[in-house]
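In mature numbering (1 follows the signal peptide of the UniProt record, and there is no 0), the protein residues as written are -19 to -1, 1 to 344.
Built from N, CA and C at the ideal position, the CB exists for glycine as well.
Quantities reported herein were computed from a predicted structural model and do not represent experimental measurements.
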Ligand SMILES: [Fe+2]
């Protein structure tokens, strides 16, 4: 497929603007077949970036993301073309385009997807002092192939009429026999659950995780859900007593952004941040065949910075890379203690996690 044409549902968004460009303190790792770029080359390249256009393939799809790209253009003079699509479609597209791809940056959500793109060789390792500073080590790839931009928490939602929220303090509590017939889970193929299970394998070991999965599967009361929002609605309606979702879905319902009915339903839910909580990310990396890698790094640096990161997090009711932000809806949920597990390690375990889920009845 020619790179200038997009299938239905995929579209480019251009962000215009111009300004002076700074000097990039960035360089590439000299790994494999990818050449290292020296600091002087990087600086010369940075000066030439104003007026450059970069392509962003993004698995995120929030209107406010585009406002951030426009801010970036106003600051740097680097224009941004965005193609938003489902993660899988983006990976397929990048693979089929190869060297002809117009994408310089790939944005994906969840460790499982970042790991898949890494395994397929779609990222180019890069090094940046700003990214080392702004992105905590456990939220970025050790080889610089991707960097976290926002944090999302997999939390427990409880219907207090059916289950006492105080009885849920850890993910392990979801396997207690007291919850028989009360638990709702999203299906195995959800990367969010694969990453959650991978995090438990890392923290608690395979045997304890297997027992936990079996206990939860024995408690499940409804067919496994295909997405988080219907699951949250089912808990609110009392069809389940308890479930597991990313909190931005509940925040979105509470915001009234969807229907008034969803807002009413969400008001009935109690969000429980278990201790410690599994934290996942939205993340981005420079594509293997990026034509403007230095400009691409500058965009990722902007999105990971406190300014850009805040906007990126707010767009989807996620948390910034550090601290809890000041989103009033998220504040209602309280704070969480992150388990601190490396997202890279989680990504590398998601295949084993999926197998464990499958062989222990997680549909
Ligand atoms: Fe999501």
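> With DSSP run on the structure shown, which of helix, strand or coil describes residue 268?
Replying inline: Looking at residue 268 - three-state DSSP - the assignment turns out to be strand.
> Is it buried or exposed for residue 163, if we count other Cβ within 10 angstroms and need 16 for buried?
Replying inline: Per the 10 Å Cβ criterion, buried.
>> Buried or exposed, going by whether 16 or more other CB atoms sit within 10 Å of the CB of residue 188?
In response: By the neighbour-count rule (16 or more Cβ atoms within 10 Å), residue 188 is not buried but exposed.
> Is the beta carbon of residue 298 within less than 7 Å of some heavy atom of ligand 1?
Replying inline: For ligand 1, not one heavy atom lies less than 7 Å from the Cβ of residue 298.
> Within 10 angstroms of its Cβ, does residue 175 collect 16 or more other Cβ (buried), or is it exposed?
Replying inline: When all chains shown are included, residue 175 counts as buried.
>> Spatial neighbours of residue 243 within its chain, please: C-beta separation below 6 Å, excluding the five flanking residues on both sides.
In response: Cβ within range, chain order: 234.
> Apart from the five residues just before and just after residue 172, which ones in its own chain have a Cβ nearer than 6 Å to its Cβ?
Replying inline: Closer than 6 Å at the Cβ level, and outside the excluded window around residue 172, lie 91, 93 and 94.
>> Within 8 Å of any Cβ in chain B, is that where the Cβ of residue 57 sits?
In response: The structure shown contains no chain B, having only a single protein chain.
>> Could you compute how far the alpha carbon of residue 324 sits from the alpha carbon of residue 120?
In response: When rounded, the distance between both Cα atoms is 6 Å.
>> Please tell me whether, using a cut-off of 7 Å, the distance from the CB of residue 90 to the nearest non-hydrogen atom of ligand 1 is below it.
In response: Answer for residue 90: yes, Cβ within range of ligand 1.
> Going along the chain, which residues of its own chain have a beta-carbon closer than 6 Å to the beta-carbon of residue 3, five neighbours each way excluded?
Replying inline: With a pLDDT of only 30 at residue 3, under the threshold of 50, the placement of this residue in the model should not be trusted; the figure read from the coordinates follows. Nothing listed; no residue qualifies.
> Does the separation of the CB atoms of residue 75 and residue 82 fall below 8 Å?
Replying inline: For the 8 Å CB-CB criterion, residue 75 and residue 82 form a contact.
>> Please give me, in chain order, every unbroken run of the alpha helix (DSSP H) with length at least 4 that falls completely inside the segment 33 to 81.
In response: Under the rule that a run must span 4 or more residues, the alpha helix (DSSP H) segments found entirely inside the segment 33 to 81 read 44 to 57 and 68 to 78.
> Less than 7 Å between the CB of residue 227 and some heavy atom of ligand 1, yes or no?
Replying inline: For ligand 1, at least one heavy atom lies less than 7 Å from the Cβ of residue 227.
> Taking just the CA atoms, how far does residue 56 sit from residue 202?
Replying inline: Near 52 Å, if we compare the C-alpha coordinates of residue 56 and residue 202.
> What are the boundary residues of the beta strand (DSSP E) that includes residue 128?
Replying inline: Residues 128 to 139.
> When DSSP builds the beta bridges, which residues end up paired with residue 201?
Replying inline: The partner list for residue 201 (beta bridge, DSSP) reads 164.
> For residue 323, does the three-state DSSP call read helix, strand or coil?
Replying inline: Judged by DSSP in its simplified three-state form, residue 323 adopts coil rather than helix or strand.
> Quick one: Cα of residue 217 to Cα of residue 34, how far?
Replying inline: The straight-line gap from Cα to Cα measures roughly 46 Å.
>> Suppose the cutoff is 6 Å on Cβ atoms and the five residues either side in sequence are ignored; what does the same chain contact list for residue 36 look like?
In response: Excluding residues within five positions, the ones whose Cβ falls inside 6 Å are 62, 83, 84 and 85.
> Does the beta-carbon distance from residue 314 to residue 226 come in below 8 Å?
Replying inline: Cβ distance not < 8 Å, so residue 314 and residue 226 don't count as in contact.
> Run through DSSP, which three-state label would residue 4 get?
Replying inline: Residue confidence is low: residue 4 scores 31 on pLDDT, short of 50, so the model does not pin down where it sits. Its coordinate-derived value is still stated next. The answer is coil: DSSP assigns residue 4 none of H, G, I, E or B.
> Where residue 106 and residue 129 are concerned, what is the direct C-alpha to C-alpha distance, given to the nearest angstrom?
Replying inline: Roughly 14 Å separates the two Cα atoms.
> Okay, do the segment 204 to 224 and the segment 135 to 142 touch, 3+ Cβ pairs below 8 Å being the bar?
Replying inline: By the criterion of at least three beta-carbon pairs nearer than 8 Å, the segment 204 to 224 is in contact with the segment 135 to 142.
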